[in-house]
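S.K.:
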Amino acid sequence: MVKHPVTPLLNQFLNFSTISQWNSSIREAVNHGYAHKALTLFRQMKQNGVEPNNWTFPFLAKACTKVSNFKCSQIIHSHVMKSPFWSDVFVQTAMVDMYVKCNQLDDAYNLFVRMSMRDVASWNAILHGFAQSGFLDTVSHLLHDMRFSGIQPDSVTVMGLTRGVLHTKSLKLVKSLHSFAIQIGIDVDVLVANTWIAAYAKCGDLGLAEVVFNEIDIVTRTVVSWNSMIAGCANFANFFGAVNYYKCMLQEGFRPDLSTIVSLLSSCVQPEALFQGMLIHSHGIKLGCDLYICVVNTLVSMYSKCGDVDSARFLFDSMSDRTCVSWTVMISGYAEKGDMNEALTLFNAMEATGDIPDLVTMLSLISGCGQIGALELGKWIDNYSISNGLKDNLIICNAFIDMYAKCGCINDARELFYAIPVRSLVSWTTMIAGCALNGEFTEALNLFTQIVELGLKPNHITFLAALQACSHGGLLEKGWEYFGMMTRKYNISPGVDHYSCMVDLLGRRGKLKEALEFIHLMPIKPDAGIWGALLGACKVHRNVEIGEYVSHRLFELEPHVAVPYAEMANIYASKGRWDGVAAIRTMMKSNKVRKSPGQSLVQVKGKTHIFTVEHRDHPEGRLIYMMLDSLNLHLKKARLQLSSEADMNRSEATLFSS
DNA sequence: GTAGGGTTAG
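What follows is the structure in structure tokens.
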């Protein structure tokens, strides 16, 4: 990735005579982000007959850490081993770090244990390696050995460990590292504080991040401190907070940089944030940030997430250079919109360009297929993933389980699920949700029991899936059981979706009053989803009184959404209350509500067919609607038969009771 | 002029 657009120094013809001149140019290249250039300079230097010294190798190793390239690390390794400086502590520490950054933890550790002398930097390099690979037990042993050998951890140790454990998203770990640092009395400089801000924000506690930020002296704060707070807000999709910090940093006289713009843009992820996103875009242009590929990628992502896919595409088309991320953000822009045809076209274009799709690219395609039920494309992507060795990845497998379940192929989903050697909680949760969606309620609940038996801890999403199974299956008692279990046994406070499932369950059973009481007792504010669930139940049970109350809550919350009006009108109509129907019509007119016709999508042989309520202009419409009419007829017959059987049973029952 | 350090895109 081009980080600095201009390279005056590096494009000159270089012909130095002294080693220190070569070293300076190599260091310059590394510091400017031109790792490959540094290696080329090294080769030129050797060609010119100048031998490297003990200063050369640490520079080279650092260059290699920046590109994280296995081959480069091997080349540097062989040069170091041939040189007289292979036992120098500076050189060796740089090599340990290089291996760590090139994902060669074994090589790093082998070198580390062979070092005859280690200083705090050497320990930090290896600790960081084990921390980011998730070997926390080894980290704690090494930390013990380090202190035992008389070397005290310093602020770099703490920063490395904090960053290393971030992938766990464990607030507990970050807090314990924080208190460890205070305990051993490390010097909390602005760099350490910045690390903590980012760490707390990433682990979900923006409040603590803010506490750390406020503790830094105003004059000590750097642009990174501000960026970290802005990025923290972005983690919570809080564009209001992000812009607030941005305004403050401008007032304090800071000059925003690339990270500031990227973080600000990534806080805009919903249509309401589009205007804000456009403003930040213009600030980015003024600052010259739009020359950087990562900023443009973020812009493309911002526009598509805010619903303006056309602007995203315009920017994407104008890019002279693209990375895998550029393609991925644009592909997922279309996939999230449900336009899988365009997503696939771009995917093919990406391959034709020679850019290689990665895990995220595939994930957005797979989830897009699930969203619109594009089964055939989904199967094609499945085959593609198998031939590209991506199917071994657990995250990809989970995505396919979800996709197949959403496409109604629960058997394919199940087959995949059982083929996974080691299933994660996400695999189980996805499968439960899939069963719930496909009407296999007993299996969903069985899977839940198995999770608990395996000793896995269900999370709030697992509970949501289980509650959805209960709600779709009308299993009220089981629903209460899970609802109680999540709060009491697992200490998970129910979110709005969990409450929504319970309301749905009560509503389906006709317990409308109970459902309403339940809503009134909720500790969180009911949203449109909850009221909508209850209104749906009022429609089924033809309850005008509660329906009126509920629909008015919905009219307040979302006055322009047509569905509640239509449902309430239906309730009135089912009771012959034509005055009510008329009143709803008037209300819709005065609130300027327009009912968009319902659409149904189906994919056959890769082609998407769209059906709307008003139009019957499909080329094979005659046949399709004839078939639908015949199905309807069958359903009506079946229903009649059922009710006559029920009547028979009832009369038999009365016969025997009398 | 050497090694281990802060923020940052999907």
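The numbering of the first sequence is our numbering, which starts it at 2 and goes up by one. Where a beta carbon is used, it is the ideal one built from N, C-alpha and C, also for glycine. None of these values were measured; they are calculated from a predicted model.
Measuring straight from C-alpha to C-alpha, what distance separates GLY186 and ASP155?
M.R.: 9 Å
S.K.: Over what stretch of residues does the alpha helix (DSSP H) that includes GLU377 continue unbroken?
M.R.: 376-388
S.K.: Counting only runs of 4+ residues fully inside the segment 245-318, write out the alpha helix (DSSP H) ranges in chain order.
M.R.: As far as the segment 245-318 is concerned, its whole alpha helix (DSSP H) runs of at least 4 residues are 259-267, 275-287 and 294-306.
S.K.: Compare the beta carbon distance of VAL504 and PHE519 with 9 Å and say whether it is the shorter of the two.
M.R.: yes
S.K.: Taking 9 Å as the threshold (C-beta atoms), are ALA210 and ILE198 in contact?
M.R.: yes
S.K.: Would you mind reading off the limits of the alpha helix (DSSP H) that contains TRP124?
M.R.: 121-133
S.K.: Ignore the nearest five residues each way along the sequence and tell me which others in THR196's own chain have a CB closer than 7 Å to its CB.
M.R.: MET160, THR163 and ARG164
S.K.: Give every residue of the same chain whose Cβ lies closer than 6 Å to the Cβ of SER404, excluding the five residues on either side of it in the sequence, and list them in chain order.
M.R.: Correcting the residue identity first, residue 404 is Met in this sequence and not Ser. Closer than 6 Å at Cβ, skipping near neighbours: ILE367, CYS370, GLY371 and GLY379.
S.K.: I'd like to check one pair, ALA406 with THR431: are the Cβ atoms closer than 9 Å?
M.R.: yes
S.K.: Buried or exposed: SER18, going by 16 or more other Cβ atoms within 10 Å of its Cβ?
M.R.: exposed
S.K.: For THR346, is the classification buried or exposed, using 16 other Cβ atoms within 10 angstroms of its Cβ as the cut-off for buried?
M.R.: exposed
S.K.: If you run the structure through DSSP and keep just helix, strand and coil, what is PHE612?
M.R.: strand
S.K.: Can you tell me which of the three DSSP states THR655 falls into?
M.R.: Residue confidence for THR655 is low, a pLDDT of 42 falling below 50, so the modelled location carries little weight and cannot support an answer.
S.K.: Does the beta-carbon of PHE17, which I'm using as the reference point, lie nearer than 8 Å to any heavy atom of the ligand ZN?
M.R.: Questions concerning the ligand ZN fall outside what the structure shown contains, since it holds no ligand whatsoever.
S.K.: Mapping the DSSP letters down to three states, classify LEU10 as helix, strand or coil.
M.R.: With a pLDDT of only 49 at LEU10, under 50, the local geometry of the prediction cannot be trusted, and the value read off the model is given with reservation. Here LEU10 sits in coil by DSSP.
S.K.: Which of the three DSSP states, helix, strand or coil, is assigned to MET118?
M.R.: coil
S.K.: So, helix, strand or coil for ASN236, using DSSP?
M.R.: Three-state result, ASN236: helix.
S.K.: Going by C-alpha distance, which of THR324, HIS461, LEU106 and ILE27 is nearest LEU42?
M.R.: ILE27
S.K.: At what residues does the alpha helix (DSSP H) containing GLY334 begin and finish?
M.R.: 325-338
S.K.: Identify, in the order they occur along the chain, each residue of the same chain with its Cβ nearer than 8 Å to the Cβ of ILE152, setting aside the five sequence neighbours on each side.
M.R.: ARG119, ASP120, VAL121 and TRP124
S.K.: Where does the unbroken alpha helix (DSSP H) through THR196 begin, and where does it stop?
M.R.: In the DSSP assignment, THR196 falls within the unbroken alpha helix (DSSP H) covering 191-203.
S.K.: In angstroms with no decimal places, state the Cα-to-Cα distance between PHE317 and GLY480.
M.R.: 47 Å
S.K.: Where does MET147 land, buried or exposed, given buried means 16+ other C-beta within 10 angstroms?
M.R.: buried
S.K.: Keeping to the same chain, check which residues put their C-beta closer than 7 Å to that of VAL51; ignore five residues upstream and five downstream.
M.R.: ILE20 and TRP23
S.K.: Note down the Cα distance separating ASN12 from LYS38, rounded to an integer number of angstroms.
M.R.: At ASN12 the pLDDT is 49, less than 50, meaning the model places this residue with poor confidence and gives no usable figure here.
S.K.: Can we say the segment 381-394 touches the segment 422-442, given the rule of at least three CB pairs closer than 8 Å?
M.R.: no
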